[in-house]
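Q:
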Amino acid sequence: MSISESTRRAFEGRSVLLTGAASGIGRALTLRLLACGATVHGADMDAAGLERLAAEAPASGKLLPRKLDVTDRADYARWVEECAGTGPIDYLFNNAGVSHLAEAHKVPFERWKWLLDINVMGVLNGTMLVYPVMVKQGRGQIVTTSSVAGVTGYATAAAYTASKKAVIAMSESLAAEAKAYGVKVTVVCPGYVNSNIFTEKNVVGANVKEVIKDLPAPMMTPETAARLYLDGVASGKSRVVFPANARLLCGLARWLPFTLGPIQKRLMRKFS
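Residue 58 in the numbering used here is what sits at position 5 of the sequence shown, and the numbering runs on without skipping anything.
#1: Alpha carbon to alpha carbon, how far is ASP170 from ALA100?
#2: Three or more beta-carbon pairs under 8 angstroms between the stretch 145-162 and the stretch 204-221, yes or no?
#3: Can you tell me whether HIS158 is helix, strand or coil according to DSSP?
#4: State the CB to CB distance for the pair VAL93 and LEU71, rounded to an integer number of angstroms; the pair is presumed to be in contact (CB under 8 angstroms).
#5: Kindly give me the distance between the Cβ atoms of GLU318 and GLU263, rounded to whole angstroms, as I take these residues to be in contact under 8 angstroms.
#6: Alpha carbons only, please: which of ILE250, ARG192, GLY175 and LYS159 is nearest the one belonging to VAL272?
#7: Does ARG62 pass the burial test, meaning 16 or more other C-beta atoms within 10 Å, or should it be called exposed?
#8: Considering only the alpha carbon of each residue, which of VAL133, ALA81, VAL176 and LEU320 lies closest to ASN260?
#9: Skipping 5 residues on each side, what residues in its chain have a beta carbon closer than 7 angstroms to that of ALA137?
#10: Nearest-angstrom Cα distance between ARG126 and VAL133?
#11: Using a 10 Å radius around the Cβ and a threshold of 16 neighbouring Cβ atoms, would you call GLY289 buried or exposed?
#12: In whole angstroms, what is the alpha-carbon distance linking LEU302 and ALA74?
#13: Once the 5 residues before and after SER200 are set aside, which same chain residues still bring their CB inside 7 angstroms of it?
#14: So what does DSSP say about ASP97, is it helix, strand or coil?
#15: So which of ALA279, ALA110, GLY206 and GLY90 has the shortest CA-CA distance to GLY304?
#16: Taking the DSSP output, what are the residues bridged to TYR144?
#17: Given ASP267, which residues of its chain have a CB within under 8 angstroms of its CB, disregarding the five upstream and five downstream residues?
#18: Would you kindly report the start and end of the unbroken beta strand (DSSP E) that includes ARG151?
#19: Between LYS237 and the rest of its own chain, which residues show a CB-CB distance below 8 angstroms, the 5 nearest in sequence each way excluded?
#20: Looking at the secondary structure, which residues open and close the beta strand (DSSP E) in which VAL240 lies?
#21: Does the distance from the CB of ASP143 to the CB of VAL69 come in under 8 angstroms?
#22: Measure the C-alpha to C-alpha separation of GLY95 and LEU117 and round it to an integer number of angstroms.
#23: Give me, in chain order, the residues of the same chain whose beta-carbon lies closer than 7 angstroms to that of ALA278; leave out the 5 immediate sequence neighbours on both sides.
#24: From the DSSP output, in three-state form, read off LEU121 for me.
Next comes the structure, spelled out in structure tokens:
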């Protein structure tokens with residue numbers, strides 16, 4: 054596993070709290086952070102996935118797995134207290150998230166609430182439990198996984214894009230005030246990643262393979278995404294967008310939004 058020296062220095066010997074650690078980008082981030090020599094408190098709902106992760110963990114770091122539902126504020130508070138009891142918290146990675154692709158008028162209210170509870174309230178729980186710890190320490194960095202979809206919008210993913218836009222705004226507002234306390238805040242907007250977002254259970258009303266064919270850019274592996282993700286976090290940027298095609302889409306959304314119309318129509322055409 055090739056790791057840049059600047060990224061290794063940023064995480065070596067550091068304590069990291071990371072949610073959504075058992076699969077996708079979270080799993081790849083955990084393995085890479087461990088390879089840097091970090092202590093990773095890895096949380097996930099999937100206990101079996103955490104066991105598999107522990108079996109693959111490199112010896113260079115230390116993995117402390119914990120089953121956690123990020124929407125359970127009381128248990129989240131217990132976890133943060135446990136982690137803080139072992140020493141300072143250097144990083145919080147708000148990474149746990151879910152998706153649901155379908156035409157908005159066909160998504161039940163309960164499904165909207167399920168997604169927003171995890172993607173928004175889960176991030177809020179982590180941030181508001183860890184941020185006071187970091188303020189008291191006078192240092193630390195809060196990193197939240199958003200998506201390029203939170204910048205550009207994504208037809209057939211209204212709930213998902215709403216949640217990702219919300220955490221962008223939350224992160225940028227918090228960053229403005231956290232500086233005064235020595236705390237950094239970063240929001241990460243990956244492009245398309247070959248993870249659990251595009252699965253049969255998360256795509257309703259269309260064939261998954263056909264949906265993937267109509268994506269406006271090729272998908273990255275979680276391992277590639279984790280490398281670019283951590284390199285961006287280590288650089289100290291407040292917003293990290295990758296790869297280049299994601300930065301292009303974000304630029305178009307800001308300066309020439311009408312150019313995204315054909316892309317949005319293409320995303321719609323496989324749904325019925």
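For every residue, glycine included, the Cβ atom is placed at its ideal position computed from N, Cα and C.
A: The answer reads as follows:
#1: By 1-based counting over the sequence shown, the position of residue 170 is 117. By 1-based counting over the sequence shown, the position of residue 100 is 47. Computed Cα separation, rounded: 20 angstroms.
#2: yes
#3: Your numbering for residue 158 matches position 105 in the sequence shown. If DSSP states are grouped into helix, strand and coil, HIS158 belongs with the helices.
#4: Start at 1 with the first residue of the sequence shown, and residue 93 comes out as number 40. Start at 1 with the first residue of the sequence shown, and residue 71 comes out as number 18. Rounded, the Cβ-Cβ distance is 6 angstroms, consistent with contact.
#5: Position 265 of the sequence shown, counted from the start, is the residue given in the question as residue 318. Position 210 of the sequence shown, counted from the start, is the residue given in the question as residue 263. Going by the sequence as given, residue 318 is Lys instead of Glu. The pair is not a contact, with the Cβ atoms about 15 angstroms apart (cut-off 8 angstroms).
#6: The sequence position of residue 272 within the sequence shown is 219, counting from 1. The sequence shown places Met at residue 272, not Val. Ranking the options by Cα distance to MET272, first place goes to ILE250.
#7: As a first step, residue 62 is located in the sequence shown; it is residue number 9 there, counting from the start. By the 10 Å Cβ count, ARG62 comes out exposed.
#8: The residue given as residue 260 occupies position 207 in the sequence shown. The shortest Cα separation from ASN260 among VAL133, ALA81, VAL176 and LEU320 belongs to LEU320.
#9: Locating residue 137 in the sequence shown gives position 84, counting from the first residue. Only VAL186 meet the Cβ criterion.
#10: For the purposes of this step, residue 126 is identified with residue 73 of the sequence shown, where counting begins at 1. For the purposes of this step, residue 133 is identified with residue 80 of the sequence shown, where counting begins at 1. When rounded, the distance between both Cα atoms is 10 angstroms.
#11: As a working note, residue 289 is residue 236 in the sequence shown. With fewer than 16 Cβ atoms within 10 Å of its Cβ, GLY289 is classed as exposed.
#12: Position 249 of the sequence shown, counted from the first residue, corresponds to residue 302. Position 21 of the sequence shown, counted from the first residue, corresponds to residue 74. Looking at the two C-alpha atoms, the distance is approximately 28 angstroms.
#13: Translated into the one-based positions of the sequence shown, residue 200 becomes position 147. Here the set comprises LYS217, CYS242 and PRO243.
#14: Reading the sequence shown from its first residue, position 44 is the one you call residue 97. Three-state result, ASP97: strand.
#15: Taking the sequence shown and counting its residues from 1, the one referred to as residue 304 is at position 251. Nearest C-alpha to GLY304: GLY206.
#16: Residue mapping note: residue 144 aligns to position 91 of the sequence shown, counting from 1. VAL69 and GLN194.
#17: Residue numbering aside, residue 267 sits at position 214 when the sequence shown is read from its first letter. Excluding residues within five positions, the ones whose Cβ falls inside 8 angstroms are ARG319, LEU320, ARG322 and LYS323.
#18: The sequence position of residue 151 within the sequence shown is 98, counting from 1. Note on identity: in this sequence residue 151 is Val, with Arg being the wrong assignment. First-last for VAL151: undefined, no H or E at that position.
#19: The sequence position of residue 237 within the sequence shown is 184, counting from 1. GLY193, GLN194, ILE195, ALA228, ALA231, GLY289 and SER291.
#20: The residue labelled residue 240 in the question sits at position 187 within the sequence shown. Taken as a continuous stretch (DSSP letters only), the beta strand (DSSP E) holding VAL240 covers 236-243.
#21: Your numbering for residue 143 matches position 90 in the sequence shown. Your numbering for residue 69 matches position 16 in the sequence shown. Cβ atoms of ASP143 and VAL69: closer than 8 angstroms.
#22: Here the question's residue 95 lines up with position 42 in the sequence shown. Here the question's residue 117 lines up with position 64 in the sequence shown. Looking at the two C-alpha atoms, the distance is approximately 6 angstroms.
#23: Reading the sequence shown from its first residue, position 225 is the one you call residue 278. The residues are ILE78, ALA81, PRO243 and VAL246.
#24: For this step, residue 121 is matched to residue 68 along the sequence shown. Reduced to three states, the DSSP call for LEU121 is coil.
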